[in-house]
Every structure is written in C-alpha cells, then in structure tokens.
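Engineer: Structure in structure tokens, see below.
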C-alpha cells in the first residue's frame, strides 16, 4: 500500500511539472513571434597614412648604451665620518631658525636657534643632519652645501638655505 501511494504521488508530481513546462513553452512561443533580430553594420575602417621609417642615421633602440643607466660623477668619497661633530648637527635643518646676523671685525656670524638655545655660526661650520657645511652668510640667509646619499649609494651635493625667521613667516 505504501508503494502504491508513493507511485501515485510521483506521477502527480510529474504531471504538475509537465503542465508548468507546457505553460512556459507556450509563453516562449508567443514572445518569439514578435522578435526580429537586427545587427548594426560595422563601422568603416579608416585608412592610416603610410610613414616611411628610415633606419639610417638613427639610434639603435636595442643598443646596450640605451639600456644601461647613466653614470654620474660622485662628489668626493662621501662625508668625513671621522671628524668631530658640531652641536647643530644633532638637529634637523627644518627645526633650526635663523634669528639674526652679526658682523664683528669684518667677520660675519649668524645666530641660529635650536630648541631654546642660541648658537653662533660662521662659514665653515656644520649644521643639520645631512652634513651641511655653511658656505655663505648674508643679511637674510645662511647657505649650506649638504651631502645626501641618493638611491644608487652615491653622495650628491645639495644646496639648502636657512632663511631669516621674519622672511620665513612672511612666506607662509
């Protein structure tokens, strides 16, 4: 008896599925009647002008000289690491402030503030953390020649300036 019930339930399920499929198929046939395919034509191919390539006298794009990076002259062998450090070399250049310039017996000194301390600087002193050598002092700025290591490990000279505090505030 149980088997008979199972068989009846299975056949009812098949009948229900087939009726749903018939509904779907009839709907699809109806929708298909109104459809027509349309394909847009391809755009016209525009001809490109011919350009003559003359190899003679030109550079070879595969030459080794074009692939290898340029070598540049390095500045000295780098900074002198054996010399005694000066007090202002402990501070980054951005934290130093030029507050004044003194002239005494034709010698020019710059007054530089680091934290709350005031230091006298003259040409030949070192300032900042990039081995900055003071090369010139004027009424409004101190010029430094810094040694910085680039990506290739070479030491490169860079000119920096420490401006008078009043000029820095005016520039902001």
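In this note's numbering, the protein residues as written are 843 to 1014.
Yeah, the Cβ is synthetic: ideal placement off N, Cα and C, and Gly gets one too.
Just list the residues that DSSP pairs residue 970 with in beta bridges.
Structural biologist: Answer is none; residue 970 lacks a bridge partner.
Engineer: Please state if the CB of residue 954 and the CB of residue 940 are separated by a distance shorter than 8 Å.
Structural biologist: In contact: residue 940 and residue 954 (Cβ atoms closer than 8 Å).
Engineer: Distance check for residue 894 and residue 970, CA to CA, integer angstroms please.
Structural biologist: Rounded to the nearest angstrom, the two C-alpha atoms are 58 Å apart.
Engineer: Please name the residue, chosen from 897, 1004 and 967, that lies closest to residue 985 on a Cα-to-Cα basis.
Structural biologist: Ranking the options by Cα distance to residue 985, first place goes to 1004.
Engineer: Please go through the segment 944 to 999 and give each complete beta strand (DSSP E) segment of 3 or more residues, from N-terminal end onward.
Structural biologist: DSSP runs (the beta strand (DSSP E)) wholly in the segment 944 to 999: 949 to 956, 959 to 963, 974 to 979 and 983 to 991.
Engineer: By the three-class DSSP mapping on this structure, what secondary structure does residue 875 have?
Structural biologist: It is helical.
Engineer: Would you check if the distance between the CB atom of residue 963 and the CB atom of residue 956 is smaller than 8 Å?
Structural biologist: The answer is no: Cβ separation not under 8 Å.
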